[in-house]
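One structure is given here, and the rest of the page talks about it.
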Amino acid sequence: MRFVRGRRADRSLSSHQQQQQQQQQQQQQPAVMRILHELQDKKSSKSHVLDKYARHIPVDGFMALVDEIGRLNDWALALALFKWLQKNEARLSNRDLEVAHAKIIDTMGKQGQLRLASWIFSQLQLSSRTTPVLNAIIMAHLRCKNVARALDSALDHFGHMKTSVHSCPSLATYNMLTRACAQAGLTDKAEALFLELLRREDLKPDAYTFNGIMDAYAKKGLYRDMEYKLKEMSEHGVRPDLVTFNVLIDAYGRAGDFVKMERTYKSLVNLSGCKPSATTFNSMLASYGQSRELGKMEQVLVRMDMAGLGPDLTTFNTLMSSYGRAGELDTMRKCFDKMVRSPVKPQVSTLDVLLRAYAEHGLVDEAEALFINASKLDIKPAVSSYLILFKAYGEERQLDKMTVLMSKMEQSGVESGQEFLLQALESYAATPHPTTAPPVIEDRDDNQSNL
1 MRFVRGRRAD
11 RSLSSHQQQQ
21 QQQQQQQQQP
31 AVMRILHELQ
41 DKKSSKSHVL
51 DKYARHIPVD
61 GFMALVDEIG
71 RLNDWALALA
81 LFKWLQKNEA
91 RLSNRDLEVA
101 HAKIIDTMGK
111 QGQLRLASWI
121 FSQLQLSSRT
131 TPVLNAIIMA
141 HLRCKNVARA
151 LDSALDHFGH
161 MKTSVHSCPS
171 LATYNMLTRA
181 CAQAGLTDKA
191 EALFLELLRR
201 EDLKPDAYTF
211 NGIMDAYAKK
221 GLYRDMEYKL
231 KEMSEHGVRP
241 DLVTFNVLID
251 AYGRAGDFVK
261 MERTYKSLVN
271 LSGCKPSATT
281 FNSMLASYGQ
291 SRELGKMEQV
301 LVRMDMAGLG
311 PDLTTFNTLM
321 SSYGRAGELD
331 TMRKCFDKMV
341 RSPVKPQVST
351 LDVLLRAYAE
361 HGLVDEAEAL
371 FINASKLDIK
381 PAVSSYLILF
391 KAYGEERQLD
401 KMTVLMSKME
411 QSGVESGQEF
421 LLQALESYAA
431 TPHPTTAPPV
441 IEDRDDNQSN
451 L
């Protein structure tokens with residue numbers, strides 16, 4: 001039994017037809033959410049649920065279901081969907097299968113399930129390893145923490161992609177790989193990929209291409225390479241967008257070159273036709289805050305307000321971190337109180353910013369009180385929060401409190417990773433321990449004492 005056929009999105013449709021199609025998709029949405037709800041029920045058989053609805057839901061509805069599963073980033077559900085598809089491939093067209101497989105692999109990659117993503121890819125026939133599917137498995141590898149191994153595997157897939165009759169590297173492929181190579185500091189490889197892209201007559205680099213490479217160069221401190229790539233961007237007729245300006249502003253700020261940072265901001269406002277975003281201002285706030293230029297930082301906050309943008313979580317965290325670093329703890333606390341009264345609610349990252357500031361200035365009691373009251377703000381301390389307080393106790397040689405905190409962490413169900421344990425042991429070892437009392441020797445009778 002195939003799915004009931006429905007028309008997929010078609011750009012050639014008239015505006016009236018597209019409107020009708022959108023209305024049909026909206027009508028299908030309740031059915032899609034109902035199926036999703038049943039699939040998430042642990043008591044139900046996922047295969048049975050999919051079989052039950054396959055006779056009634058059109059292809060558009062099924063693909064909307066695939067999108068929803070991808071949006072949820074539920075790898076277990078995505079795996080169940082793939083196993084069902086293996087037995088029911090005939091129900092979908094090759095194009096729909098391609099989209100579904102790419103979405104499932106992408107979901108696995110986002111959830112760090114690289115082995116499952118690779119297993120799913122290995123189960124596909126060669127004819128099913130199309131460009132979108134290969135792009136998904138390449139991105140899954142690039143999300144891996146082991147950068148060297150990830151790049152080797154991604155480039156290996158890229159090589160097969162170029163020799164296969166079923167796939168061909170797309171602009172998205174080159175954008176992913178050039179950015180990844182640049183981030184890894186492999187500038188020669190990044191440039192080689194960029195030149196290979198330029199030799200392709202059917203592809204042209206876009207703003208995303210240049211932005212990715214420039215951002216990677218900037219984060220590696222390769223500012224000259226970044227500026228050279230900006231020049232190339234102009235030579236290829238690619239117009240800088242908001243992301244380009246944000247990359248440059250952040251880069252110059254990190255480098256402490258506030259003259260170029262402000263000049264770039266003025267170009268953004270006066271010449272680009274783009275409007276600065278919260279990211280723009282947050283980068284400038286962080287740059288001035290890092291250099292303890294609190295007056296200039298506050299002027300940026302005024303400009304942000306004049307631009308009609310209110311502070312977000314990053315803004316508040318940046319301000320409090322900057323005040324804390326500069327020892328302006330009263331101002332930091334006032335900023336926190338303002339945040340609590342605002343629509344932006346404090347998160348674990350906020351708690352860590354405050355804890356770190358108090359700990360750095362030896363105010364362990366304040367840090368402890370904040371940690372205890374975190375639950376009142378609906379914040380559950382994370383591993384990082386425990387580690388900050390743990391180290392603070394260590395600095396003050398409060399061994400008993402370190403022990404109690406470890407017990408509290410275990411009771412709260414917070415999992416300590418290997419990194420936490422190593423740092424905790426380091427802090428514990430550096431803390432002077434109380435001198436061990438000499439063992440008590442009991443009195444012995446005369447016979448024993450004469451032995």
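All residue numbers for the sequence shown refer to full-length UniProt numbering, where the first residue is 1 and numbers rise by one. Idealized CB from N, CA, C, for every residue including glycine.
Where the alpha helix (DSSP H) containing residue i begins and where it ends
i: C335; result: L329 to R341
i: A90; result: Here A90 belongs to no alpha helix (DSSP H), and DSSP marks it neither H nor E.
i: D378; result: Run containing D378: none; DSSP gives neither H nor E here.
i: V49; result: K46 to A54
i: R115; result: L114 to Q123
i: D400; result: L399 to S412
i: R95; result: N94 to K110
i: G324; result: L313 to R325
i: G394; result: V383 to E395
i: D257; result: First-last for D257: undefined, no H or E at that position.
Under the three-state DSSP convention, the category residue i falls into
i: R239; result: coil
i: D41; result: coil
i: S267; result: helix
i: L77; result: helix
i: E232; result: helix
i: E415; result: coil
i: D188; result: helix
i: R200; result: coil
i: V344; result: coil
i: K220; result: coil
i: G362; result: coil
i: L195; result: helix
i: G308; result: coil
i: D225; result: helix
i: L65; result: helix
i: D250; result: helix
i: D206; result: coil
i: K83; result: helix
i: Q27; result: Note on Q27: pLDDT 49, under 50, position unreliable in the model; no value is reported.
Residue j beta carbon less than 8 Å from that of residue i
i: T173; j: N135; result: yes
i: T318; j: L285; result: yes
i: L294; j: S321; result: no
i: T187; j: L155; result: no
i: L351; j: S407; result: no
i: V32; j: L65; result: yes
i: A207; j: V247; result: no
i: Y53; j: I35; result: yes
i: D250; j: S283; result: yes
i: A382; j: V348; result: yes
i: F316; j: M297; result: no
i: S287; j: R325; result: no
i: M176; j: M139; result: yes
i: A150; j: A182; result: no
i: Q111; j: W75; result: yes
i: V133; j: A102; result: yes
i: L242; j: A278; result: no
i: K42; j: A80; result: no
i: L355; j: L370; result: yes
i: F281; j: M304; result: yes
i: L329; j: A357; result: yes
i: P346; j: I372; result: no
The ligand NAP heavy atom lying under 7 Å from the CB of residue i
i: R254; result: In terms of ligand content, the structure shown is empty, and the ligand NAP therefore cannot be addressed.
Taking 8 Å as the threshold, find out whether the stretch 153-166 comes into contact with the stretch 199-207 through three or more Cβ pairs. No, the stretch 153-166 does not touch the stretch 199-207.
Which ranges would you report for the alpha helix (DSSP H) in the stretch 126-186 if only whole runs of at least 4 residues count? If we require 4 residues or more, the alpha helix (DSSP H) runs fully inside the stretch 126-186 come out as 131-142, 147-163 and 171-183.
What are the complete alpha helix (DSSP H) segments, minimum 4 residues, inside the stretch 272-303? 278-290, all fully within the stretch 272-303.
Using 8 Å as the cut-off, can you tell me whether the stretch 228-241 makes contact with the stretch 258-265, which would need three or more C-beta pairs spanning the two stretches below that distance? Verdict: no, contact absent.
Is it true that the stretch 85-94 meets the stretch 105-120, where meeting means three or more beta-carbon pairs spaced less than 8 Å apart? Result no; under three Cβ-Cβ pairs closer than 8 Å.
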